[in-house]
Each structure stands twice: as C-alpha cells, then as structure tokens.
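Residue numbers 1 to 338, in UniProt numbering, belong to the letters of the sequence shown in order. Data first, discussion second: the structure below is written as structure tokens.
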Amino acid sequence: MGGKVIFSKKPRYSLEEIFDREEEINQLSFLLKRGEWVIILGPRMSGKTSIALAVSNYVGKKVIYVDLTKVKGLKDFTDRLYFSIPKSISDKVKETLETIGVKIGPASLSFKLKNSIVLESILKSVCDSTLILDEAQYLNQGINNLIPIFHNLLNSCSSLSIIFTGSAIGLIKTILEQKGEEPLAGRRPTEIVLKTWKESVAKEYIKRGLQNCNVNFKDEEIDEVISEVGTLVGWLNIYGVNRCVKNHEDALKETIEEGINIAVKELDTVVERQRWRVKALKMLCEGATWTELKEKTKVSTQTLSNFLDRLNRVYLLSKIERTYYISDPIYRKAIMRK
C-alpha cells in the first residue's frame, strides 16, 4: 500500500500523495499516454479529482483543470476553459483567438463568433494536453451543443486526452446516457471506477495519516471511525483533518455532521421530491428484499427496478443474497434525517 498519507481538504497533485490506488493509477496513466478519453466514476468523496490531477501530472503533458461547478451554458464553459489554461501555453492560445477577433478581458472573452467556433479553436490549440473537466455533470444543459465539437476533435485533435469527473449520478446521466445519441459523438470514454476500501486498508490509511501529524491514538478509536463513517476515503480524510487538531470524540462528531451535509445534497438528486423513494431508502437502511420494497412503495415493477439500478450505478446499493441495503454509514444517517 504505497503513498504518503497527509490529511488535507485540498486535492492531491502528486502520485506520492495517493494511497493504495496502484491499479487505477496504472490504468489511467496508460490511457492518457494514448490520448484516450476517460470518465472516472465512484462514490462521492472517493478521490476522483485527486486521482485525475496526480496521474495527469505524472504523465507529463500540460494539464488543464477546469472546475465546471454550476457552469451556465457554452459561453461560461468557454470562459472557464480559457482562464484555466496554464501560463506556459496560454500565450499561444491567446494569439490564436486574437486572429479570429476574440477580445480577452480580465475574466471573460468577448466575441461575435459562435461559441462553438471559439471553443473549438481553444481546444485545437491545446491538443497535446490533458483536459480535466471536474464536476462535468453541470454540462447537462449544454451537452448537445458540445457533441458536434467533440465529434470534430476525433480527427483534428486526436492527442487531446479528456478526463470527466464529478457526481456519479450526474455524470452517468449527462455523459453516458445521452438520449438518441452515441455518448460524446461516438467516442465513449473508458470508465475507471474507484471502489471503497476494505477495512484493513482504511485502518492503515488513518493510522499512517495520524502518525504523520504526530497524534497518539488507540485502536478502539480507529475501529469506531470505521463503524461510524465507513471506508470511503473522503470521510476518512475529513476525520483525519479534524483529528490532527482535536480529540477523537469531537473529530468524529464533526466528521459525521459534515459528511451528512454532503450526502443529503447528493441524495436530493436521487429522491427528486418523490416520497416513495424516501420510504424505499429508509427501508434499505435496515435492509429489504425486492418483495418488501414493492409491497411498501406500491410502484410498478419497472419503476422499482429502475430505481434500484440507479442506486447501484451510483455505488449506494449493496446486496447479500435477496436483501438490498445501503452500505455507507454516512448515507444511512443522512437518509434517516429525511
């Protein structure tokens, strides 16, 4: 289990900071060196952004990281892309844009051309780069306008690697399930899934991190952390950040509250204001069979099947024999507050 554990709420930029992800690192590195497009999936708080940044930096191409949180249409996307380009290559892109009449302000671009023309010009100017589109689910309102641009990149910019990361729920809907279209104009990204850790790995992660911040701890405390928050690296990292400056009880309490707040927002996209889904989720916290869920929710077989499939695809659902259940303790706590 390689990687130095330093608890921090900032993304990791170096492979030395990534713990126990050798298989995913090797897979992503191989794909980026070939100029492939990749979508990194996994539960919320599983370290998707950190893996994307660390491996991209390791591969050696110029890295353009674009945060698309609440992006508003193609123009906003174009602005964010341009102002995310590293200084080492931005001058070249600036010259390209100025030749087609684009005026560059301190925080936005001004032009009379179609957004798609300007965006495609930018992308073609950074062909030998790795483009990380974080929180890419927010492209849902403009994805149809992007599809022709992505299609043109297939031949004109084949060495450009693109990584899509963000909410699993949103990414699947926005990138992989475009109605009536092949995903991204026929260039379906390769999927890499970051799974939750085994308990032994999670415990080792916490112990190494606490040792690095010179905190004394008891094995019983580590066991309680695993029991209360599970093995998802994001929750464990939040605990570590808190524990490095506070006692175990306070650190764990704050971690649970912060985790619940994050999980509630993610669950809102699953529930979509439908009360039967809340009822089903609460049943799944205790464990429920298909028959029990069908009887209590009173929805059609197809509707229930689609709901369970969705939960499974966003890594919230587990199954032992005939019983389905929500495996993550933080999500269980968040569900019970609804």
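No residue lacks a Cβ here, since even glycine has one placed at the ideal position from N, Cα and C. Bear in mind that the values here come from a model prediction, so they are computed numbers and not experimental data.
Test item: CB-CB of residue i and residue j under 8 Å
i, j, result
"threonine 196", "leucine 232", "yes"
"residue 343", "methionine 336", "The structure shown does not extend to residue 343, since the chain is modelled only from 1 to 338, so the question has no answer here."
"leucine 53", "proline 86", "no"
"glycine 101", "leucine 113", "yes"
"glycine 259", "phenylalanine 7", "no"
"leucine 172", "arginine 313", "The residue you asked about is not leucine; residue 172 is isoleucine in the sequence shown. In this structure, arginine 313 lies closer than 8 Å to isoleucine 172 by Cβ."
"valine 55", "leucine 81", "no"
"phenylalanine 164", "arginine 187", "no"
"methionine 45", "glycine 230", "no"
"proline 148", "valine 38", "no"
"residue 339", "tryptophan 276", "Coverage of the chain is limited to positions 1 through 338, which leaves residue 339 absent and any answer about it impossible."
"isoleucine 122", "threonine 78", "yes"
CA nearest to the CA of residue i, picked from the options
i, options, result
"serine 327", "Ile25, Pro189 and Ala288", "Ala288"
"lysine 333", "Val264, Glu24, Arg322 and Leu317", "Val264"
"serine 159", "Val299, Asn312, Ser88 and Arg34", "Arg34"
"serine 227", "Tyr331, Gly166 and Ser116", "Tyr331"
"residue 343", "Lys319, Ile262 and Trp290", "Here the chain has residues from 1 to 338 only, and residue 343 is not among them."
"valine 5", "Lys72, Lys203, Lys246 and Glu272", "Lys203"
"serine 50", "Glu16, Leu139, Glu177 and Lys92", "Glu16"
"glycine 47", "Val63, Glu24 and Glu257", "Glu24"
"aspartate 76", "Asp91, Gln27 and Val118", "Val118"
"proline 43", "Leu311, Ile320 and Lys338", "Leu311"
"tyrosine 13", "Tyr65, Gln27 and Asn26", "Tyr65"
Separation of residue j from residue i, as counted between CA atoms
i, j, result
"isoleucine 143", "tyrosine 58", "29 Å"
"isoleucine 222", "aspartate 67", "34 Å"
"threonine 255", "glutamate 224", "12 Å"
"lysine 279", "phenylalanine 83", "45 Å"
"arginine 243", "lysine 9", "13 Å"
"tyrosine 239", "asparagine 155", "46 Å"
"threonine 130", "glutamate 22", "20 Å"
"isoleucine 262", "glutamate 98", "42 Å"
"glycine 3", "glycine 166", "23 Å"
"leucine 41", "glutamate 191", "7 Å"
"asparagine 214", "glutamate 120", "50 Å"
"proline 106", "glutamate 95", "16 Å"
"lysine 70", "glutamate 286", "35 Å"
"leucine 153", "asparagine 145", "14 Å"
"isoleucine 206", "leucine 236", "7 Å"
"residue 354", "leucine 74", "Given a span of 1 to 338 for the chain in the structure shown, any question on residue 354 remains unanswerable."
"arginine 273", "leucine 317", "20 Å"
"arginine 322", "phenylalanine 307", "17 Å"
"serine 29", "lysine 61", "11 Å"
"glutamate 36", "cysteine 157", "11 Å"
"asparagine 216", "valine 245", "11 Å"
"lysine 92", "histidine 248", "52 Å"
"lysine 294", "lysine 319", "16 Å"
"valine 63", "glutamine 141", "25 Å"
"glutamine 211", "glutamate 199", "18 Å"
"glutamate 292", "alanine 251", "38 Å"
"glutamine 137", "lysine 253", "31 Å"
"aspartate 219", "threonine 301", "46 Å"
"proline 329", "leucine 139", "30 Å"
Supposed close pair residue i, residue j - CB separation, criterion 8 Å
i, j, result
"tyrosine 324", "leucine 267", "Contact flag wrong, Cβ pair sits at about 16 Å."
"valine 126", "isoleucine 169", "29 Å between Cβ atoms; not a contact."
"phenylalanine 111", "lysine 124", "Not quite, the Cβ-Cβ distance comes to about 16 Å (not below 8 Å), so this is no contact."
"isoleucine 162", "leucine 194", "The pair is not a contact, with the Cβ atoms about 18 Å apart (cut-off 8 Å)."
"valine 271", "aspartate 20", "33 Å between Cβ atoms; not a contact."
Please give the ranges of any alpha helix (DSSP H) in the stretch 60-89, keeping only runs that are unbroken, at least 4 residues long and fully inside the region. List check, alpha helix (DSSP H) in window: 73-82.
Considering only residues of the stretch 280-321, which uninterrupted beta strand (DSSP E) runs meet the minimum length of 3 residues and lie entirely inside it, listed in chain order? 317-320
Unbroken alpha helix (DSSP H) runs of length 4 or more, entirely within the stretch 122-203: which are they? 143-156 and 168-171
I'd like the ranges of any alpha helix (DSSP H) spanning at least 4 consecutive residues and lying wholly in the stretch 208-287. Runs found: 219-229, 233-243, 248-271 and 275-286.
Which runs of the alpha helix (DSSP H) spanning at least 4 residues fall entirely within the stretch 84-120, listed in chain order? 87-99
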